[in-house]
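Participant: Under UniProt numbering, think of the first position of the sequence shown as 1, with each following residue one higher. Just so you know, even glycine gets a beta-carbon here, dropped at the ideal spot from N, CA and C. Everything numeric in this text was worked out from a predicted model, so none of it was measured.
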Amino acid sequence: MKRLSLILAFFAWAMLMSVPCFALTHDELIAQHAQLEAEHQSMEQEHAMLEEEHRKMAGEHKQISSGKPDKKHQQIEAQHRKMVNAHAVMVKRHEQLVKKHAAMEVAHKAGKLSQAEMERQHRLMLKEDETLKAEHEKMQADHERMKADHEQMLRDHGRIN
Numbered sequence: 001m002k003r004l005s006l007i008l009a010f011f012a013w014a015m016l017m018s019v020p021c022f023a024l025t026h027d028e029l030i031a032q033h034a035q036l037e038a039e040h041q042s043m044e045q046e047h048a049m050l051e052e053e054h055r056k057m058a059g060e061h062k063q064i065s066s067g068k069p070d071k072k073h074q075q076i077e078a079q080h081r082k083m084v085n086a087h088a089v090m091v092k093r094h095e096q097l098v099k100k101h102a103a104m105e106v107a108h109k110a111g112k113l114s115q116a117e118m119e120r121q122h123r124l125m126l127k128e129d130e131t132l133k134a135e136h137e138k139m140q141a142d143h144e145r146m147k148a149d150h151e152q153m154l155r156d157h158g159r160i161n
């Protein structure tokens, strides 16, 4: 019997250790919100840079093509535009996450949200944030590949070495 209770105690402990216990304070929630806001601002700045890069890419195409359509450039530009649009959607999703987090923070401070419910919602938001970060990392890798393709195309046209 003692052995069984030790085994059960071990499994209970293992389960507790595998599930993070958040027990967030309001100050921790505010700090995490500030971090989310900073990440969002960084994403918005990155998006503005992507838009500018896309405009530059279109300008380079006009310089090298003399008005003639270049299928490789059109393909790269279309891929880049698709990625810029997907990035805009992701930035919007992150903005919604930041707003949800702010609303949760206000509700928790006002006592309208229990600690348990706040922690549950917070865990869901963290998962969503991790998903967005993973999508963003993939997008960054795709962007690097597109930039390499674009540079190769410019080399092919003799514009860069």
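Would you mind working out which of 50, 71, 31 sits nearest residue 83, comparing C-alpha positions?
Facilitator: Here residue 83 refers to the residue found at position 83 of the sequence shown. Measuring from the Cα of residue 83, the nearest candidate turns out to be 50.
Participant: Any idea what DSSP makes of residue 25, helix, strand or coil?
Facilitator: Along the sequence shown, one-based indexing puts residue 25 at 25. Here residue 25 sits in coil by DSSP.
Participant: Going by alpha carbons, who is nearest to residue 156 out of 40, 70, 53, 135?
Facilitator: Position 156 of the sequence shown, counted from the first residue, corresponds to residue 156. Nearest C-alpha to residue 156: 70.
Participant: Three-state secondary structure (DSSP) at residue 113?
Facilitator: Looking up residue 113 in the sequence shown gives position 113. In this structure, residue 113 counts as coil in the three-state DSSP scheme.
Participant: Give me the residue from 136, 140, 98 with the minimum Cα distance to residue 124.
Facilitator: Along the sequence shown, one-based indexing puts residue 124 at 124. Comparing Cα-Cα distances from residue 124 to each of 136, 140, 98, the minimum goes to 98.
Participant: Could you work out which residue in 27, 80, 119, 37 is closest to residue 147 when comparing CA atoms only?
Facilitator: In the sequence shown, residue 147 corresponds to position 147, counting from 1. The option with the nearest alpha carbon to residue 147 is 80.
Participant: By Cβ distance below 7 Å, which residues in the same chain neighbour residue 87 in space, the five residues on each side in sequence not counted?
Facilitator: In the sequence shown, the residue the question calls residue 87 occupies position 87. So the list reads 47, 50, 139, once near-sequence residues are dropped.
Participant: Can you round the beta-carbon distance between residue 104 and residue 118 to whole angstroms, since I take them to be within the 8 Å contact cut?
Facilitator: Position 104 of the sequence shown, counted from the start, is the residue given in the question as residue 104. Position 118 of the sequence shown, counted from the start, is the residue given in the question as residue 118. So it is a contact: roughly 6 Å between Cβ atoms.
Participant: Looking at C-alpha atoms only, which residue of 132, 141, 158 is the closest neighbour of residue 94?
Facilitator: Translated into positions along the sequence shown, residue 94 becomes position 94. Minimum Cα distance to residue 94 is reached at 132.
Participant: So residue 102 and residue 40 are supposed to be a Cβ contact under 8 Å. How far apart are they, rounded?
Facilitator: Working through the sequence shown from its first residue, we reach residue 102 at position 102. Working through the sequence shown from its first residue, we reach residue 40 at position 40. That belief does not hold up - the Cβ atoms of residue 102 and residue 40 are roughly 11 Å apart, past 8 Å.
Participant: If I measure Cβ to Cβ from residue 9 and keep anything under 8 Å in the same chain, skipping five residues before and after, which residues do I get?
Facilitator: For the purposes of this step, residue 9 is identified with residue 9 of the sequence shown, where counting begins at 1. Below a pLDDT of 50, predicted positions are generally treated as unreliable, and residue 9, at 48, falls in that range; the measurement from the model is reported next regardless. Answer for residue 9: no residue qualifies.
Participant: Could you tell me the alpha carbon to alpha carbon distance between residue 141 and residue 111, rounded to whole angstroms?
Facilitator: Residue mapping note: residue 141 aligns to position 141 of the sequence shown, counting from 1. Residue mapping note: residue 111 aligns to position 111 of the sequence shown, counting from 1. So the alpha carbons of these two residues sit roughly 43 Å apart.
Participant: Cα separation between residue 128 and residue 158?
Facilitator: Counting from one through the sequence shown, the residue named residue 128 turns up at place 128. Counting from one through the sequence shown, the residue named residue 158 turns up at place 158. Computed Cα separation, rounded: 45 Å.
Participant: Using the C-alpha atoms, what's the distance from residue 35 back to residue 113?
Facilitator: Residue 113 sits at position 113 when you count from the first residue of the sequence shown. Residue 35 sits at position 35 when you count from the first residue of the sequence shown. Going from the Cα of residue 113 to the Cα of residue 35 covers about 22 Å.
Participant: Express the C-alpha separation of residue 38 and residue 137 in angstroms, rounding to a whole number.
Facilitator: As a working note, residue 137 is residue 137 in the sequence shown. As a working note, residue 38 is residue 38 in the sequence shown. Taking the straight line joining both Cα atoms gives about 17 Å.
Participant: Going straight from the alpha carbon of residue 54 to that of residue 78, what length do you get?
Facilitator: Reading the sequence shown from its first residue, position 54 is the one you call residue 54. Reading the sequence shown from its first residue, position 78 is the one you call residue 78. Going by the C-alpha atoms only, they are around 10 Å apart.
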